[in-house]
Amino acid sequence: MVLNPVEVNVEIGAVPTISETYSDLCILIDEDDVDTTTHDAKVLYTDIQNVEDAVDIVADEDVLDIFKMAFNQGVERLSFLIADFYTEESIDPEDIEQQLIDNDVDIITGPRIIEDTEDEDVAKDIAGMAADISAVYVAPLKYKSGEIADMKSFVEDDLNSKWSLAVAFDPVDEDDPIHAAITGKLSVIEPWDKFMWKEIEDVEIKQIPGDDLEELVDSQVNVLIHKLDKVLVSNGLTAANEDPEEGEDSFDEYRFIDIPRTEKYLVEEISSALERLIATSEITYTQGGLNTIESKIDDILSQANQDGAITDEYKIQIKDIDEISDEDKQLRKLEDISVEVQLAGRVQEIVMDLTINL
Numbered sequence: 045m046v047l048n049p050v051e052v053n054v055e056i057g058a059v060p061t062i063s064e065t066y067s068d069l070c071i072l073i074d075e076d077d078v079d080t081t082t083h084d085a086k087v088l089y090t091d092i093q094n095v096e097d098a099v100d101i102v103a104d105e106d107v108l109d110i111f112k113m114a115f116n117q118g119v120e121r122l123s124f125l126i127a128d129f130y131t132e133e134s135i136d137p138e139d140i141e142q143q144l145i146d147n148d149v150d151i152i153t154g155p156r157i158i159e160d161t162e163d164e165d166v167a168k169d170i171a172g173m174a175a176d177i178s179a180v181y182v183a184p185l186k187y188k189s190g191e192i193a194d195m196k197s198f199v200e201d202d203l204n205s206k207w208s209l210a211v212a213f214d215p216v217d218e219d220d221p222i223h224a225a226i227t228g229k230l231s232v233i234e235p236w237d238k239f240m241w242k243e244i245e246d247v248e249i250k251q252i253p254g255d256d257l258e259e260l261v262d263s264q265v266n267v268l269i270h271k272l273d274k275v276l277v278s279n280g281l282t283a284a285n286e287d288p289e290e291g292e293d294s295f296d297e298y299r300f301i302d303i304p305r306t307e308k309y310l311v312e313e314i315s316s317a318l319e320r321l322i323a324t325s326e327i328t329y330t331q332g333g334l335n336t337i338e339s340k341i342d343d344i345l346s347q348a349n350q351d352g353a354i355t356d357e358y359k360i361q362i363k364d365i366d367e368i369s370d371e372d373k374q375l376r377k378l379e380d381i382s383v384e385v386q387l388a389g390r391v392q393e394i395v396m397d398l399t400i401n402l
């Protein structure tokens, strides 16, 4: 039985697809946390493939340790941006958003591990920015005894997005940039891979005490735990709203972070393939043209099935040529293409309603 299908509306051909990447990582860093740097403020530095690539830009050892922690998870490249996130009106979110879009960023963390209300205010803004561009925001939460209710409230009320992933931990070394390790691990797994029980390597944490741990694990707060002699992520849950208003993401639909990531993967793969098809071929508004479009969608879904993203029980529904109105033909618009897929190994369905501008 399929529960709570996710419904997505996609228009293809009107605006170019943003990207075809799903795991590009960006680490945000606050200017006050950098001592030695020659960086340009608010500029996104991309294609950092090792720590040495960053030394000429930012020589601060603490910042370089952040990058090391990410690379230790198997990250092949990352980007970073240094700005003054904690001074009111010091950054232009739209400018940063555009840089993240232009550089195909898919996963964001930073600028700090969240410990107080000031950190929470910054994190809330970043969560909103990430949601605007369909990027995962990893919100790192410093565990504090006696503050479990506040932590849960922040995640469930303030982050409030299918694109936010909150992870709590109690570090052995307060200065360890564990958030970079968590984000790095997320970026090296496939979008459809579950994050639950993924190992976070080369980090040292203390186990959160029993009652607090149980309360957090039963909430939307993910936790780093000691299990099987490893440090693992507890659940991989999103911060989507459990009681959504109209237009808000529902936790019932987007419970796990692999669901929005897989949705993005499918939408962009299909959109990109159809855009290339339309741009390079003369697709006529005939039954043959419609068959060509259906075949291209089938190619993408077949590959997604082979990759392990979806089951082979997908469906494509497209109207016959004689069912399409003369008005739509004159507008060269093909509407009401329905694509239904089920995520592999999970009781979750994604339904896409496609509109194609020919």
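So in the working numbering, the last one in the sequence shown is 402, and the numbering has no gaps at all. All C-beta atoms in this analysis are idealised placements derived from N, C-alpha and C, irrespective of residue type, glycine included. Keep in mind that this is a model prediction, so the values were computed, not measured.
The DSSP-derived three-state label of P184 is strand.
Taken through DSSP and simplified to helix, strand or coil, L281 comes out as strand.
For Y187, the closest of V385, K377, N147, D217 by C-alpha to C-alpha distance is D217. The continuous stretches of alpha helix (DSSP H) do not include L268, which lies in the beta strand (DSSP E) extending over residues 266 to 271. Apart from the 5 residues on each side of it in sequence, E338 sits with its Cβ closer than 6 angstroms to the Cβ of I360, I362 in its chain, given in chain order. Within the same chain, and ignoring the five residues on either side of E384 in sequence, the residues whose Cβ sits closer than 6 angstroms to its Cβ are K359, V395. Out of A348, G154, L281, the CA that lies nearest to the CA of I314 is found in A348.
Counted as a single uninterrupted DSSP element, the alpha helix (DSSP H) harbouring S339 occupies residues 331 to 351. Approximately 5 angstroms separates the beta-carbon atoms of W241 and L276; this is inside 8 angstroms, confirming the contact. For S189, same chain residues with a beta-carbon under 8 angstroms away, outside a window of 5 residues either side, are P253, D256 in chain order. Assigned with DSSP and collapsed to three states, Q361 falls in strand. Closest option to I365, judged by alpha-carbon separation, among T328, A193, I341, T355: T328.
From the listed residues I177, T161, T131, D160, the smallest Cα separation to D148 is found for I177. Look at the beta carbons and you see the segment 194 to 212 not touching the segment 84 to 102: under three pairs across the two are nearer than 8 angstroms. Residue environment for E258: exposed (fewer than 16 other C-beta atoms within 10 angstroms of its C-beta).
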